[in-house]
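Everything on this sheet refers to the single structure shown next.
Residue numbers (this note's numbering), protein chains in the order written: chain L, 52 to 354; chain E, 341 to 642.
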């Protein structure tokens, strides 16, 4: 459904736009209906940029992003974009800045209504909103008709998910939606994503947290400096990490029953067998992938 | 504006403490205790009242030769008469009216152009921003007074509105820059992206998402433009490029100087218009500082 084909994004930086910052380098991936794909990476690895390009907020510098066969850079004009957002919605990282502070929080629902459901009656719309708010396990009494500063980050974040659910979407870009939640609501939202997956939604789940990626996703994509370091079915990527960066990442996950020293000692005792990583020339900005086993790819080593 | 409570249309129970109301009453609380705001707005409103009501109580033509010549202020002619026997009080109230008119119109034109360019440049960014910013900078460095003198001098019939239009067309750049910088920071906030994802048009995002967040800023911009339009108009009037038909405070000063009121020690001829302009613009600035203190919690004197 969603397909990224050799997508690059280069930002111009500096006083006269002379500098170049390569945020996304040669990324190709697909999200199928009913599939959760995790984009895992450290800060600045380009994962949020990919999310925003899929949402049409940034244009890719080169490469194609297609949704259901349509190249999204060819979506021109207000009406076409509006139709695109009927199918594809996003939830952003920081719920506090997603709400206009001078209006009530449920205005985000009202915007959806006035744009996409102008004909729906007040009563029907209210039922729809209550259903969506119920789906994200919020009590309507507590969250509706309130100002953003009267609600917690978790409540705001779930309101944003509810907002996306008001539309009959096919693809959800979830950009670090868990990071603002406390542990008890976190699992609720993750299970909610699981339910959405059952309904046939494709979800692009952007996170920096390996365990969340492991919990929720079918496919994991580990990004490093804008390029794919490792991509494959989540189980294989986590059980048998092939790229040195993913190994390093996984060894950094704190473990309750072992100390760092024990982990390091074990890693040193059984060094994982090395795979040959694809290489590129110095001035080549492509990032080829090598299929190490079926459906499990490793990318270039960027040091 | 959309109905923000629409999603809960059937639910009429008010929230225990609506924040907007609280914020509004808090603003009002500080507004009523801010002497600068009270003094500034008091003087401006008094002058506005005089300008609005006064002309109904004096003759239709403020330039008519009605009384004795060069009379100092007395019971009949409150501010005395000119050396031609014109009633200075009548000229003053009509002049105040046209001064407010030029302030509202000239300031309004500058405000509309400045905010429109600022919003579009700040929101759109990229090449549009570059072009609009270049235009703004070019107009900003033009010596506005010289351009105005040249432009106005070529016009045959000059009215208050033509003068206001020209003032507006030359004094918008700093407003555009100020609004642009505010918009730049607001446009990167996620709620703007979310509005885009909600299928909103650009102009609606600007008017309903960005602008309400800087409403106090916009009010103050308008007040400053209003004051500067009055000053520029007075300057033009004084060098004889004012409205050809009618009267203004600047024109009164011009004729006072032209007919040697200063040398003849007819203080009642030049003091009222000079004081009027100074008081009006001065109180506008005081009002502006007061508003700044009310809207900006960091400046509040507790």
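Each residue gets a CB set at the ideal place from its N, CA and C atoms; glycine is no exception. Note that the structure is predicted; figures quoted are calculated from it, not measured.
Same chain, Cβ closer than 8 Å to residue i, five either side skipped, listed in chain order
i: residue 356 of chain E; result: Here residue 356 of chain E scores only 46 on pLDDT, less than 50, and its place in the model should not be relied on; the value that follows carries that caveat. Cβ within range, chain order: n/a, list empty.
i: residue 376 of chain E; result: 626, 627, 629, 630, 633
i: residue 315 of chain L; result: 302
Cβ-based neighbour list, residue i, same chain, cut-off 7 Å, excluding 5 preceding and 5 following
i: residue 602 of chain E; result: 610
i: residue 181 of chain L; result: 191
i: residue 214 of chain L; result: 159, 160, 163
i: residue 497 of chain E; result: 584
i: residue 318 of chain L; result: 302
i: residue 261 of chain L; result: 91, 300, 301, 304
i: residue 343 of chain L; result: 293, 326, 349
i: residue 405 of chain E; result: 424, 425, 426
i: residue 523 of chain E; result: 458, 459, 462, 463, 550
i: residue 100 of chain L; result: 60, 74, 75, 109
6 Å Cβ shell around residue i - same chain, five flanking residues per side excluded
i: residue 55 of chain L; result: 78, 79, 80, 116
i: residue 217 of chain L; result: 163, 183
i: residue 443 of chain E; result: 566, 569, 570
i: residue 620 of chain E; result: 387
i: residue 188 of chain L; result: 239
i: residue 335 of chain E; result: The question about residue 335 of chain E has no answer, for chain E in this structure spans 341 to 642.
i: residue 273 of chain L; result: 91, 280, 281, 297
i: residue 130 of chain L; result: none
i: residue 342 of chain E; result: Any answer about residue 342 of chain E is weak, because its pLDDT of 42 lies below 50 and its placement is not dependable; what the coordinates show is given next. Once the five neighbours on either side are set aside, residue 342 of chain E has no close Cβ partner at all.
Per-residue contacts from residue i into chain E (C-beta, under 9 Å)
i: residue 108 of chain L; result: 533, 536, 537
Contact set between residue i and chain L, taken where Cβ atoms lie within less than 9 Å
i: residue 553 of chain E; result: 151, 152, 153
Interface flag, residue i vs chain E, CB-CB below 7 Å
i: residue 65 of chain L; result: no
i: residue 70 of chain L; result: no
i: residue 296 of chain L; result: no
i: residue 148 of chain L; result: yes
i: residue 128 of chain L; result: no
i: residue 136 of chain L; result: yes
i: residue 133 of chain L; result: yes
i: residue 141 of chain L; result: yes
i: residue 264 of chain L; result: no
Proximal residues of chain L, C-beta to C-beta of residue i below 7 Å
i: residue 372 of chain E; result: Those do not exist, as residue 372 of chain E stays about 22 Å from chain L at its closest Cβ, beyond 7 Å.
Interface flag, residue i vs chain L, CB-CB below 7 Å
i: residue 594 of chain E; result: no
i: residue 638 of chain E; result: no
i: residue 529 of chain E; result: yes
i: residue 549 of chain E; result: yes
i: residue 356 of chain E; result: Because the pLDDT of residue 356 of chain E is 46, which lies under 50, any placement of that residue in the model is unreliable, and the question is left without a value.
Under 7 Å between C-beta atoms of residue i and residue j
i: residue 450 of chain E; j: residue 512 of chain E; result: yes
i: residue 106 of chain L; j: residue 141 of chain L; result: yes
i: residue 228 of chain L; j: residue 208 of chain L; result: yes
i: residue 88 of chain L; j: residue 75 of chain L; result: no
i: residue 439 of chain E; j: residue 558 of chain E; result: no
i: residue 3 of chain L; j: residue 295 of chain L; result: The question about residue 3 of chain L has no answer, for chain L in this structure spans 52 to 354.
i: residue 488 of chain E; j: residue 510 of chain E; result: yes
i: residue 516 of chain E; j: residue 465 of chain E; result: no
i: residue 461 of chain E; j: residue 473 of chain E; result: yes
i: residue 102 of chain L; j: residue 226 of chain L; result: yes
i: residue 53 of chain L; j: residue 118 of chain L; result: yes
Within chain L, partners of residue i - CB distance below 8 Å
i: residue 540 of chain E; result: 162, 166
Interface residues of chain E facing residue i [CB-CB closer than 7 Å]
i: residue 145 of chain L; result: 530
i: residue 194 of chain L; result: By Cβ distance, chain E contributes nothing, its closest Cβ being about 10 Å from residue 194 of chain L, past 7 Å.
Under 8 Å from the C-beta of residue i: neighbouring residues of chain E
i: residue 159 of chain L; result: 534, 538
Closer than 6 Å: residue i CB and nearest the ligand GDP heavy atom
i: residue 294 of chain L; result: Looking at this structure, you won't find the ligand GDP or any other ligand, since it has none at all.
So within the segment 246-320 of chain L, which uninterrupted alpha helix (DSSP H) runs reach at least 4 residues, ignoring any that extend past its ends? 261-267, 285-290, 295-302, 311-320
Contained alpha helix (DSSP H) runs [length at least 4] in the segment 589-623 of chain E, N- to C-terminal order: 589-598
Could you tell me which whole alpha helix (DSSP H) segments of length 4 or greater appear in the segment 167-222 of chain L? 173-186, 191-194, 204-217
Continuous alpha helix (DSSP H) assignments of at least 4 residues falling wholly in the segment 63-109 of chain L: 98-105
Tell me the start and end of each unbroken beta strand (DSSP E) in the segment 361-410 of chain E that is at least 3 residues and wholly inside, in chain order. none
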